[in-house]
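Just add 19 to wherever you are in the sequence shown, counting from 1, and you've got my numbering. For reference, the structure is listed below as structure tokens.
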Amino acid sequence: MDKQLFLIFTLLSLLMNLGSVFFMRQMIWSIVWCDKGGKYNHLRRLKQDQSLMAKWHMTYLREHTNEHTKEFDFWLTVKRVHSVFFAFGLLLSVVLIFVYNYIAAFANAYCIVYTAITFLFTVCFALQIDTKHHTKYDRERIKRKNNRKG
């Protein structure tokens, strides 16, 4: 593997990590949507007066969860662990780009392992969402909504 292929794998890992972040945020919002009983209009107000860091950490949503607080805390913890993994991997990748010529064998092994782990994380998070872009919490919310109508 040469330096260009290392860069390609690093960028691929970065994109997969961003995809994982999207899926985790989708799961967290899905839990809040399920507990609040709605999905769009009135829930957008929850974000309005929040700072950028508060929006990133999503802890302000905890007060809006009633039934699924355990699941909410689980996904927040998963998001935090993934963020540490992502930051560490990104930092190490950047360092390895600059010293690639001196430790090419280690850099190549790291790159392959990191890309494989990132791929597995992304697949696990993506499997939480079905073909209609619903999570199990969305399906529960829709089922409750249909039971109230009928």
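The beta carbon of each residue, even a glycine, is placed where N, CA and C say it ideally should be. Computed from a prediction, not measured in an experiment: that's the story for all the values here.
- In the three-state reduction of the DSSP assignment, Ser70 falls in the coil class.
- Here the alpha carbons of Ser49 and Glu90 stand approximately 11 Å from one another.
- Non-local C-beta neighbours of Thr84 in its own chain, meaning closer than 8 Å and more than five positions away in sequence, comprise Ile50, Val51, Asp54, Phe91, ordered along the chain.
- Annotation for Leu24: the continuous alpha helix (DSSP H) segment containing it runs 22–55.
- By the 16-neighbour rule on beta-carbons within 10 angstroms, Asp149 is exposed.
- With a cutoff of 8 Å on beta-carbon distance, Met77 and Ile47 are scored as near each other.
- By a beta-carbon distance limit of 8 Å, Phe42 does not contact Cys130. Their separation comes to about 23 Å.
- Of the candidates Cys143, Leu115, Lys155, the residue whose Cα lies closest to the Cα of Phe25 is Leu115.
- Collapsing the DSSP output to three states places Asn165 in a helix.
- Note that the C-beta distance between Phe140 and His87 is not below 8 Å.
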